Each structure stands twice: as C-alpha cells, then as structure tokens.
Amino acid sequence: MKRRFVRCVRLGVQPWEIQLDRGVHVQGNIGLRMATTGQREIGKAHRVAKRSESERLDEELQRLAGQQQTSVTLKATVETGQGLLLPDDGVDSSGLTRRQRTLIQIASFLRIELPVRLARRAVELKRLPEGMHAMPSVNRVREWYEQSFVEIRRSPFVKCPQTEEKFSNLLHTIYERHSPTMVTMARGVYELKQQLQLQHGPSFDFGSVNEVHGYLDKFYMSRIGIRILIGQYLELRRQSRESQVQGYVGLINLHTSPATIAEQAIADAKYLCKRTHGHSPEVLVVGRSHADFSYMPSHLYYSLFELIKNSLRAVVEFHGVDSTMPPIKVIISDGELNEDVVIKVADEGGGIPRSNMPQIFSYLFTTAKPVFKSELSNFSSLGDHSTDSPLAGLGYGLPISRTYARYFGGDLNIMSMEGYGTDAFLHLCRLGNRSEPLP
C-alpha cells in the first residue's frame, strides 16, 4: 500500500482512488482526510500570501505617500518640452538626439514622481469621510490608482530609448485606465448621497458635509496634475513621430486663442442643449477676439464648456423654449500688461437664489435631476467631457472648472442677481510662472 501510495502521488492520482492487487477499491477515510487537510493547508497558504502581499502594498503606499511631491510650472513644462533644460546642447557622447534625450529626461522624472502622487491619492481614498471611502465606485477608482502605482514601481528605470519606449507604452495604458475617473467619482458621490439620505432622511442638507468637499477638491487638483504630466509626455512623443502642429509644445499651445476655444465650446454646448430641450439660445463672443497667450486649450475648453452649458440650461428653463430667449455673451478681456486673461460668461437665466450661492462649488450640490438616477445613466464615461455626456446633473461642473482655472494660478468667480441672471468670471494667469498648488 505504501509503495502504491507513493506511486499514485507521483502520477497525480487521488489517494482514495488506489486499486489493490485483488481489485478492492479503497475509499478510506485516511486518504480523504489527507486530501482534505492538504487542500486546507494550500488554501491557508494562499490567504497568508495574499494578506502579506496586501500588507506590503499598503506599507509601500504609505512610504511613498510620505515623500515630497515636485511642483511644476507652465513655463517649466514648455521649456522642458522644447529641450531647453537639458544639461548641454546638441548630440551628446551617447549619440542620442536632443529629442531622444528630452523624452528620456521627462520619462525618468515621471518614473520617480508619479508613484509619489499616485500613492498619496490611493491612501487618501481610503480615508474619505462620511463613509465615502466604502462606496463601490470610489473603491474602483482606488484600485486603479493602486494598480498603476504597482505597475510603475515594477517598471525598469528609464536610461535609454528602448526603456523609454516601454515606459511610454505603460503610461499610455495607465492614461486610458484613468480616463473615466471623474465620472466614476461623481457616481461615488451619488452613491454617498443615497446612503446619507437613507441614514438621515430625504431632506438631509448635503451642504453641511464640508469635509467631503475638501477631500474631493484635493483629489481632483492632484488628478489634473497627474493627467497633465502623463498627457504632456505622451503628446511630446507623438509630436516627435508625426508632423507637429505649429505653436504646440505637447499639450500647450503658445498661441491659445480664447475666442477660438469659446466657439468650439459654444458649438458643443448648444448641441447638448438642443438634444435635451429641443432648442438653444444664441451665444455671442465679444471683446478681444484676436488675443492669444500660452495655455492648455483643453483646460480652457472644459471650463468654458461647463459655464456656457450652465447658462444655456438656465436661459431655456427660465424663459421657456416657446418664448424669445435673450442671448448669452462671452466677453474676452485681455491686454499685454494685464496680469490675467479674463473671460466673462453672462446670461439672463434668472440667477441663483442667495441661499444656494455658498453651495455652488460643492460636489454634493446640483439643481438638475441626478443623471445617475435618470435614463442617461449609461452615458459614455471614456473621458472627462464629451458630447456623449448629459447636459447637467453630475454635480461637478463648477467645482472642476474652478480647479482647472486654479491649477496654473487662475480662478473662477460667480456673481448672480436672482430674478435676472448670472455672470461667471474666469481668470486665467498669463504669466506662466505659477507653481502647481499641490495638495
């Protein structure tokens, strides 16, 4: 029996299936207990390994989250992309071109900087107050951050064009993975609101949950910074392979035209308004329509898109589609000596009640029907903003627009006259030497 047991183990046969010489089939308790015990031990070993791996990840996240982040400026981002911050000129002794050395320089920086930023956000997502850290959508976002953190930490250091190319492929995957973060977090906010209403009743005042707003403000500010660092690098790589659009250094346009960006935002916002309400007011662009400055067009587009979208909805709902609707004005103020480029979006959409003004920049506040509760809850979440998204109801348009403006030293202010309309003032810093307000 002993020899046959050893042989059956070598052949991978279960011990209770051993056949004796006389044809007796053994299904004894001894073999069954041995197999069951072995399975329990294997399961225990897997659980211990999984737990220790999770503990090691938590320790690594905590360690990296405690390190200092490196703040960047718009000016430094442009100069790095142009290769002006390389140690020397021309082709170095390795035979690499200026463009190759620039990409390696940026990738090397990101290989060190991104894990610190990702770790901070992953750790903070576990600490969100009011139970928000336990919301399913928030957990999904945290898992994305942890996965990206692990992948970058396991990647080799960038020292040559080959490792730089592999690193760029990894960052492209990470960039796409995190694209739906904003919408997913907005869903997490909606899940929290549902839970708070169950706990405190349907009349619960979300404006009192100030701590959540503070955490989300920091999260989104950091998220914008991470997206810019990765997006700028990937765009520089693309421009090095393809014909470069004149005036662009990565994501930054040295001659950004507020009027041109406003026209794009107007067209997209009017499309959404017509899709939702069947009609749209006119939008006029006046002021310094020929002005330009160095900026990220995507930032400016997002902020203008949200402001114009809000104004269109307010005018339609206040006046009605069957009446004459007054136009919305986008007024651009700029000058060579001006500290800021200022854009005002003015509407006659009835204004905002004074009691709502303290809450308009809260992620928990929206005057529209919550989109996740409507038939539009399956809209595309592949990006931060697109014509696939609903007109209103996510609850993060204004606070995110202000965060975009503040990222490089600007701001967003809202003035309202109830019963008449609202003026939104978008300030954009034109100097380019303001550092990121890293949380």
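According to this note's numbering, numbering within the sequence shown proceeds without interruption in unit steps and concludes at 547.
No residue lacks a Cβ here, since even glycine has one placed at the ideal position from N, Cα and C.
None of the values given here were measured: they were computed from a predicted structure.
- Shortest Cα-Cα distance from F413 to any of S365, R225 and Q372 involves Q372.
- Just measuring C-alpha positions, the residue of P434, R207, Q177 and H241 sitting nearest D455 is P434.
- At a Cβ-Cβ threshold of 7 angstroms, S509 and S411 count as neighbours.
- DSSP, read as helix, strand or coil, puts Y403 in strand.
- The bridge partners DSSP lists for H535 are V450 and D519.
- Boundaries of the beta strand (DSSP E) harbouring N361: I360 to T364, taken from the DSSP string.
- Counting only runs that start and end inside the region 268-322, the alpha helix (DSSP H) elements of at least 4 residues fall at 269-285 and 289-308.
- No Cβ-Cβ contact shorter than 7 angstroms links R335 with V449.
- In the three-state reduction of the DSSP assignment, M525 falls in the strand class, which pools E and B.
- DSSP places S351 outside any alpha helix (DSSP H), giving it a letter other than H or E.
- For G395, no alpha helix (DSSP H) encloses it; the enclosing beta strand (DSSP E) starts and ends at V391 to G395.
- Taking all protein chains shown into account, G189 has 16 or more neighbouring C-beta atoms within 10 Å of its C-beta and is therefore buried.
- The alpha-carbon separation between L211 and E343 amounts to approximately 11 angstroms.
- Check the Cα spacing between R219 and each of V258, P466 and G459: the tightest is with V258.
- The Cβ atoms of I332 and Y515 sit closer than 7 angstroms to each other.
- By the CB criterion at 7 angstroms, V394 and A367 fall outside the cutoff.
- The residues L226, R229 and A230, in chain order, have a CB closer than 6 angstroms to that of Y253 in the same chain once the five nearest residues on each side in sequence are set aside.
- The beta carbon of M404 sits closer than 7 angstroms to those of L359 and I360, all from its chain and outside the five residues before and after it, given in chain order.
- When Cβ pairs closer than 8 angstroms are counted between the two stretches, the region 436-450 is seen not to touch the region 292-307, the count staying below three.
- For I212, the three-state secondary structure derived from DSSP is helix.
- DSSP, read as helix, strand or coil, puts T178 in coil.
- In the three-state reduction of the DSSP assignment, S441 falls in the strand class.
- For S524, same chain residues with a beta-carbon under 6 angstroms away, outside a window of 5 residues either side, are G459, I460 and T530 in chain order.
- Collapsing the DSSP output to three states places S263 in coil.
- Beta-carbon to beta-carbon, K417 and L472 are separated by about 20 angstroms, too far to satisfy the 8 angstroms threshold.
- In the three-state DSSP reduction, Y504 falls in the coil class, being neither helix nor strand.
- If you draw a straight line from the Cα of A532 to the Cα of Q467, it is about 15 angstroms long.
- Taking 7 angstroms as the cut-off, the beta carbon of V224 is found closer than this to the beta carbon of Q177.
- For G517, the closest alpha carbon among the candidates V357, S179 and R209 is that of S179.
- Secondary structure at D376: helix, using DSSP grouped into helix, strand and coil.
- A distance below 6 angstroms between beta-carbons, with the five flanking residues on each side excluded, links L304 to the following residues of its chain, in chain order: F312.
- Inter-residue distance for H280 and H308 is about 43 angstroms (C-alpha atoms, whole angstroms).
- L236 and F265 have their alpha carbons spaced roughly 33 angstroms apart.
- Residues of the same chain with a CB within less than 7 angstroms of the CB of V186, apart from the 5 flanking positions on each side, are V357, I360 and S402 in chain order.
- The three-state reading of DSSP puts D430 in coil, since its state is none of H, G, I, E or B.
- Around the CB of Y528, fewer than 16 other CB atoms lie within 10 Å, so the residue is classed as exposed.
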